[in-house]
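Written out below as structure tokens is the structure these notes cover.
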């Protein structure tokens with residue numbers, strides 16, 4: 051090999067390795083992860099409290115998804131597991147549910163977060179696998195966010211764990227940046243990009259997203275409707291514009307959320323887009339969890355400033 | 034006054050070298066690569082059409098994706114928003130009084146997240162029901178497969194003919210599974226509603242609600258107008274009674 055070419059290739063490779071290491075392995079402040087733990091945790095607690103209202107219907111052998119049904123539905127895969135299959139007794143059903151909710155509360159509060167984080171992820175997966183015919187996007191986003199929060203040090207701040215550390219040692223210094231916090235945040239960001247990319251690509255196969263009428267289909271679906279948006283029938287151009295803008299934003303998110311110039315726009319746009327879905331289509335939980343997922347792109351310094359302001363506000367109250 | 038902070042988390046807040054050793058970074062990089070490949074392959078190969086290459090990758094990653102509940106397509110409202118599907122039920126109490134209702138019912142099911150669970154149940158039932166064929170459709174399917182296999186035989190390509198028949202048998206097994214799923218979930222839902230409302234018998238019907246066009250709305254139609262729930266799109270899911278008595282579509286009343 052030509053020595054000059056070898057040298058160039060070596061430099062090229064070294065710069066890639068260096069960029070990879072900078073991207074993944076530079077320690078990061080866990081403030082964003084810690085705030086996300088509280089918000090995702092609250093969503094998990096709410097989601098599982100709502101399951102309580104129909105626990106025997108969706109999670110027991112005498113409910114709608116009995117074992118035979120679930121087996122065929124999931125292709126009898128040994129990898130689709132749930133603790134609800136271990137026993138058919140009502141005591142197990144209700145007892146394990148009570149323990150699960152308690153663990154999710156502990157995770158939200160940041161109590162023994164290393165363990166409650168991992169167990170919370172297992173709980174989310176276990177519930178989703180048992181009630182596979184009653185799920186939607188919320189459950190998918192809940193699960194992957196919990197996975198990465200369990201992986202990273204999401205209990206480092208704004209948590210019972212942090213408060214206990216401070217109490218044990220008054221000289222306890224500030225929370226150190228963590229490589230694992232960066233890895234977890236990066237995985238969350240990339241996973242969110244994959245979600246938006248395929249949500250956008252899937253829509254591009256539909257005629258209504260090209261002729262600009264897709265959002266009308268969403269607004270005029272009686273089963274989804276919570277706010278009457280049928281006045282838009284008088285302004286088809288507005289429906290067209292909103293359809294094209296939302297798809298354009300969704301599809302390009304994976305590419306344009308990374309440059310510093312466009313990132314604020316892409317992250318801030320998630321708020322009206324997802325709040326709009328939440329308010330107009332009655333999917334507030336899904337809308338909120340998507341906004342929370344977008345927080346993974348918010349710098350920890352901003353999170354710290356907001357939390358300090360909130361702290362001042364609450365102490366002045 | 035301090036400078037406002039920027040939305041920036043791709044640039045590390047503390048640009049110091051990681052405390053991780055090179056070998057640790059290499060191993061973690063490998064795991065990251067595998068994980069990211071898996072979460073990309075999942076939506077890429079989640080629905081048809083899929084490439085053979087994609088399917089090979091899916092088979093490799095599937096156990097991991099299933100174990101971690103990561104096997105999703107993320108096709109929200111894709112390819113486009115479609116009609117809704119509801120399960121209407123009509124039952125009689127032992128006193129002879131009739132009870133009617135529908136799933137999901139925004140007036141009866143609260144909070145909204147719970148309503149969505151029941152909505153997804155009715156949509157899941159429809160996913161099964163939509164795949165079923167009537168007798169004529171089934172005969173047409175069988176005839177098409179037989180015609181294709183016969184054509185290969187005539188061309189002397191016995192291997193392809195055998196493959197067509199093998200594929201058909203496999204698709205038939207999947208079809209039987211769909212039939213089983215529809216019967217099972219309809220029966221189970223029937224039993225849940227029987228108990229909940231203290232009924233002696235209940236009939237379930239799948240109803241499709243089409244999305245009105247803007248012109249329909251301008252003509253004065255409301256979204257919940259019955260005009261958007263055509264009778265020809267209704268599917269009888271069966272009639273169920275106490276002690277396992279049931280009448281599935283096209284069958285006589287029988288006791289389990």
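Protein chains in written order, with our numbering: chain A, 51 to 367; chain B, 34 to 289. The beta-carbon is built from N, C-alpha and C at its ideal position, and this holds for glycine as well.
Per DSSP, reduced to three states, the secondary structure at residue 239 of chain B is strand.
At a Cβ-Cβ threshold of 8 Å, residue 99 of chain B and residue 65 of chain A do not count as neighbours.
Using a CB distance cut-off of 8 Å, residue 359 of chain A does not count as an interface residue toward chain B. The three-state secondary structure of residue 273 of chain B, taken from DSSP, is strand.
Taken through DSSP and simplified to helix, strand or coil, residue 103 of chain B comes out as coil.
From the beta-carbon of residue 106 of chain B, the residues of chain A found nearer than 8 Å are 248 and 252.
Contact check for residue 148 of chain B and residue 237 of chain B: beta-carbon distance about 19 Å, past the 8 Å limit, so the pair fails to qualify. No Cβ of chain A is located within less than 8 Å of the beta carbon of residue 138 of chain B. Residue-level contact check: residue 149 of chain B touches chain A, since one or more beta carbons of chain A fall below 8 Å from its beta carbon. Among the residues of chain A, those whose CB is under 8 Å from the CB of residue 152 of chain B are 273, following chain order. At least one C-beta of chain B is nearer than 8 Å to the C-beta of residue 119 of chain A. Proximity of residue 335 of chain A to chain B, defined by a Cβ-Cβ separation below 8 Å, is satisfied. Put simply, of A:316, A:281, A:199 and A:278 the residue whose alpha carbon is nearest the alpha carbon of residue 295 of chain A is A:316.
Counting the other Cβ atoms within 10 Å of the Cβ of residue 171 of chain B gives fewer than 16, which makes it exposed.
Taking 8 Å as the threshold, the shortest C-beta distance from residue 203 of chain A to chain B does not fall below it. Counting only unbroken stretches of 4 or more residues, the alpha helix (DSSP H) elements lying wholly within the region 61 to 123 of chain B are 85 to 100, in sequence order. In the same chain as residue 340 of chain A, and ignoring 5 residues on each side of it, the C-beta atoms closer than 7 Å to its own belong to 191, 320 and 324, in chain order. Within a 10 Å sphere around the beta-carbon of residue 232 of chain A sit 16 or more other beta-carbons, which makes this residue buried. Our two residues, residue 245 of chain B and residue 182 of chain B, have alpha carbons roughly 43 Å apart in a direct line. Within the region 173 to 196 of chain A, those residues whose Cβ lies closer than 7 Å to any Cβ of chain B are, in chain order, 175, 178, 179, 183, 184, 185, 186, 187, 190, 193 and 194.
Under the three-state reduction of DSSP output, residue 206 of chain B falls in the helix class.
In this chain, the alpha helix (DSSP H) harbouring residue 158 of chain B covers 145 to 163. Collapsing the DSSP output to three states places residue 348 of chain A in coil. Secondary structure note for residue 131 of chain B: its beta strand (DSSP E) is the uninterrupted segment 131 to 136. Residues of chain A whose Cβ lies closer than 8 Å to the Cβ of residue 52 of chain B are, in chain order, 77 and 229. Counting only Cβ-Cβ distances below 8 Å, residue 52 of chain A has no contacts in chain B at all, with the closest Cβ about 28 Å away. In the DSSP assignment, residue 310 of chain A falls outside any alpha helix (DSSP H) and carries neither an H nor an E. Under DSSP, residue 158 of chain A takes part in no beta bridge, so it has no partner. Closer than 8 Å to the CB of residue 200 of chain B there is not a single CB belonging to chain A. Note that the C-beta distance between residue 136 of chain B and residue 119 of chain B is below 8 Å. Going by beta carbons, residue 268 of chain A and residue 114 of chain B fall inside the 8 Å limit. For the pair of segments examined, the region 256 to 263 of chain A was found not to touch the region 81 to 91 of chain B: the number of CB pairs separated by less than 8 Å stays below three. Under DSSP, residue 125 of chain B forms a beta bridge with B:131 and B:234. DSSP places residue 218 of chain B in the helix class (H, G or I) of the three-state scheme. For residue 268 of chain B, the secondary structure class from DSSP, reduced to helix, strand or coil, is strand. For residue 273 of chain A, the three-state secondary structure derived from DSSP is coil.
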